[in-house]
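First the structure, in the form of structure tokens, and then the observations on it.
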Amino acid sequence: MTVTDAHDLDQTQDALPTLDGAEYAQTLRQLSQASVDRHFDAFTDIPWDHPDFQVDPTDERWILPDGIDPLGSHDWYKALPVERQIEIGMWRQANILKVGLQFENILIRGIMQYVFTQPNGSAEFRYLTHEATEECHHTQKQILRGSQQLPPLLARIMQIHVAEEARHISFAHAY
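According to the numbering used here, the sequence shown is numbered sequentially starting from 1.
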């Protein structure tokens with residue numbers, strides 16, 4: 001996310017109206033239905049065995065993007081041989097995904113603890129159960145919004161995450 005994107009998000013959030021009870025309930029119904037109609041499963045929606053999705057340790061798209069990643073912008077990194085930049089880029093992307101996974105894990109725990117306090121038939125119970133399920137399939141998304149080329153596997157994982165995260169953000173704004 002760029003500084004501009006963060007500023008735009010702040011403006012959008014400030015412009016959101018406060019929802020009354022009926023609007024809030026309708027928003028939850030729509031978000032829950034969207035979770036039913038359009039959801040992703042990492043085991044079936046990512047062609048893990050397809051040759052285009054294999055991790056290639058010579059693929060230059062693993063090089064960290066200058067201007068987006070702080071390490072990729074550093075003179076030390078840019079002076080390294082391409083092979084070493086790729087190796088470090090792969091390691092860094094794997095660690096970004098791992099940190100994202102750890103964050104999602106904490107989020108899921110909080111959601112489930114809160115869901116436990118909700119009535120079984122409530123709209124919050126239903127939607128948050130969808131959200132927790134979707135969060136279980138997520139990793140990290142931040143570099144997807146950049147213009148750099150990504151290895152196909154990383155790009156697909158992030159596309160799925162961004163698509164589902166939009167619903168979760170809508171719920172957070174409404175709640």
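All residues carry an ideal CB built from backbone N, CA and C; glycine is no exception.
Asked                                                                                                                                                                              : Found
Taking all protein chains shown into account, do 16 or more other C-beta atoms lie within 10 angstroms of the C-beta of residue 76, making it buried, or fewer, making it exposed? : exposed
Check whether the segment 75 to 90 and the segment 100 to 110 touch, using three or more Cβ-Cβ pairs below 8 Å as the test.                                                        : no
Taking 8 Å as the limit between beta carbons, can you name the residues of its chain near residue 46, skipping five residues before and five after?                                : 53, 153, 156, 157 and 160
My assumption, with CB atoms under 8 Å, is that residue 62 sits in contact with residue 93. Please give the rounded CB distance.                                                   : 7 Å
In angstroms, rounded to a whole number, what distance separates the CA positions of residue 125 and residue 118?                                                                  : 6 Å
Which residue marks the beginning of the alpha helix (DSSP H) containing residue 76, and which one marks its end?                                                                  : 75 to 79
In or out: residue 51 buried (at least 16 other Cβ within 10 Å) or exposed?                                                                                                        : exposed
Using the C-alpha atoms, what's the distance from residue 21 back to residue 27?                                                                                                   : 10 Å
Given a threshold of 16 other Cβ atoms within 10 Å of its Cβ, counted over all protein chains shown, does residue 35 qualify as buried or as exposed?                              : buried
If you follow the alpha helix (DSSP H) that residue 97 is in, where does it begin and where does it stop?                                                                          : 82 to 115
For residue 74, count neighbouring C-beta atoms within 10 Å of its own C-beta (all shown protein chains included) and say buried if the count is 16 or more, exposed if not.       : exposed
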